[in-house]
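Working notes, beginning with the structure itself.
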Amino acid sequence: MQIFGVDIGGSGIKGAPVDLDRGDLAEERFKVLTPRPATPEGVADGVQQVVDHFGWTGPVGLTFPGVVTGGSTIRTAANVDKSWIDTDARALFSSRLGGLPVTVVNDADAAGVAEVNFGAGRGRRGTVILLTFGTGIGSALFIDGTLVPNTELGHLELHGHDAEKRASSKVKDDEELTWEHWAHRVQKYLAHVEMLFSPELFIIGGGVSRKSQKFLHLIEGIRAEIVPAQLQNNAGIVGAAMRAAEGE
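Take any residue in the sequence shown, count from 1 to its spot, add 189: that is its number in this note's numbering.
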């Protein structure tokens, strides 16, 4: 069975049909840049480009980089335009896609669902936390495989700032931090999250997961196991498609 998944990020909008039996992309993903400013209409244009690229005519699952309640209403917009707040995202995207059935879910939650079902969190019990490092820091919290949605742990305070303003991969690039310096910041963030939730496992996702060999070994003093996301930066696309298949 195939369902289309779209992952909306602060820098790019990417999507592809997903093979839900394998938990992997059925075709090579297509990506466009997230518009600046990332307004609802501008992002909807980008989503339409991605879906139209494949000529897709079935259900579509989409991630959003913020809190999504009721499978539709946007509550926060830290890394996109503030006009997203209180937008009915399901109605917006469905209208732009010619009435196709649409499901909208928090981006890190989608990535977490994919990793727990098909990736690094498969079969793991207890408390598992996936963290996506990209434009910001997204989070997905699981208790015995069950998602606690919209946790937004990237906005925990760290040294007087939102954690994602100190330790996202965008900050690493913007401040031209070495892997060692950035890993030290990530370590402090993980220690703070661990103090609050005592997870058995941290899964590190987002685009930076492709380069886990450059920094994971530099993180010390964390009791939980730390592993890279197996689906890497495709996890959001896969998880969005999974949610669409469930009719979430």
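Beta carbons are placed, not taken as given, at the ideal position from N, Cα and C, and that holds for glycine. These figures come from a predicted structure and were not determined experimentally.
Jot down the residue ranges of each uninterrupted beta strand (DSSP E) in the region 254-330, minimum 3 residues, whole runs only, in chain order.
Runs of beta strand (DSSP E) with 3 or more residues, each lying fully within the region 254-330, are found at 291-295, 316-322, listed in chain order.
If we call anything under 8 Å between Cβ atoms a contact, is T228 one with G199?
As a working note, residue 228 is residue 39 in the sequence shown. As a working note, residue 199 is residue 10 in the sequence shown. It is not a contact, given that the beta carbons lie outside the stated cut-off.
State yes or no: is the C-beta of A303 within less than 8 Å of the C-beta of G212?
Locating residue 303 in the sequence shown gives position 114, where the first residue counts as 1. Locating residue 212 in the sequence shown gives position 23, where the first residue counts as 1. Yes, Cβ-Cβ distance for A303 and G212 is below 8 Å.
By DSSP, does E389 sit in helix, in strand, or in coil?
In the sequence shown, counting from the first residue as 1, residue 389 sits at position 200. Coil, per DSSP.
Can you name the start and end residues of the alpha helix (DSSP H) that D234 belongs to?
Within the sequence shown, the letter at position 45 stands for residue 234. Taken as a continuous stretch (DSSP letters only), the alpha helix (DSSP H) holding D234 covers 229-243.
Hey, could you find the ends of the alpha helix (DSSP H) I426 is sitting in?
Taking the first residue of the sequence shown as position 1, residue 426 is located at position 237. Per DSSP, the unbroken alpha helix (DSSP H) holding I426 starts and ends at 424-435.
Helix, strand or coil at G394 according to DSSP, with G and I counted as helix
The count along the sequence shown starts at 1 and reaches residue 394 at position 205. The answer is strand: DSSP assigns G394 an E or B state.
Closest by CA to E389, which one among A372, E369, G396, R412?
Here residue 389 is taken as the residue at index 200 of the sequence shown, counted from 1. For the residues A372, E369, G396, R412, the minimum Cα distance to E389 belongs to R412.
Could you check where the alpha helix (DSSP H) with D363 kicks off and where it finishes?
Stepping through the sequence shown from its first residue, residue 363 is reached at position 174. Counted as a single uninterrupted DSSP element, the alpha helix (DSSP H) harbouring D363 occupies residues 358-363.
So, do the region 330-337 and the region 349-356 have three or more beta carbon pairs nearer to each other than 8 Å?
Counting Cβ pairs under 8 Å, fewer than three are found: no touch.
Under DSSP, the beta strand (DSSP E) around A205 begins and ends at which residues?
By one-based count along the sequence shown, residue 205 stands at place 16. Segment 201-208, the beta strand (DSSP E) holding A205.
First and last residue of the beta strand (DSSP E) that includes E414?
Looking up residue 414 in the sequence shown gives position 225. Run containing E414: 414-417, per the beta strand (DSSP E) assignment.
So, are the CB atoms of P131 and N295 less than 8 Å apart?
Past the edges of the chain, shown from 190 to 437, lies residue 131, and the structure says nothing about it.
With 16 other Cβ atoms within 10 Å as the buried cut-off, status of G235:
Along the sequence shown, read from residue 1 onward, the residue named residue 235 stands at position 46. Label assigned to G235: buried.
Buried or exposed for K359, going by 16 or more other Cβ atoms inside 10 Å?
By one-based count along the sequence shown, residue 359 stands at place 170. Counting of Cβ neighbours within 10 angstroms places K359 among the buried residues, the total reaching 16 or more.
If you draw a straight line from the alpha carbon of A280 to that of I274, how long is it in whole angstroms?
As a working note, residue 280 is residue 91 in the sequence shown. As a working note, residue 274 is residue 85 in the sequence shown. Separation of A280 and I274 (C-alpha to C-alpha, rounded to the nearest whole angstrom) is 14 Å.
Measure the alpha-carbon distance for T246 versus N268 and round it to whole angstroms.
Taking the first residue of the sequence shown as 1, we reach residue 246 at position 57. Taking the first residue of the sequence shown as 1, we reach residue 268 at position 79. Looking at the two C-alpha atoms, the distance is approximately 29 Å.
List the endpoints of the continuous beta strand (DSSP E) containing G194.
Here the question's residue 194 lines up with position 5 in the sequence shown. G194 -> beta strand (DSSP E) spans 191-197.
Does the beta-carbon distance from F515 to L407 come in below 8 Å?
Lying before the first or after the last residue shown, residue 515 is absent from the chain, which here runs from 190 to 437.
Where DSSP assigns a beta bridge to I332, which residues make up the other side?
The sequence position of residue 332 within the sequence shown is 143, counting from 1. DSSP lists T316, T335 as partners of I332.
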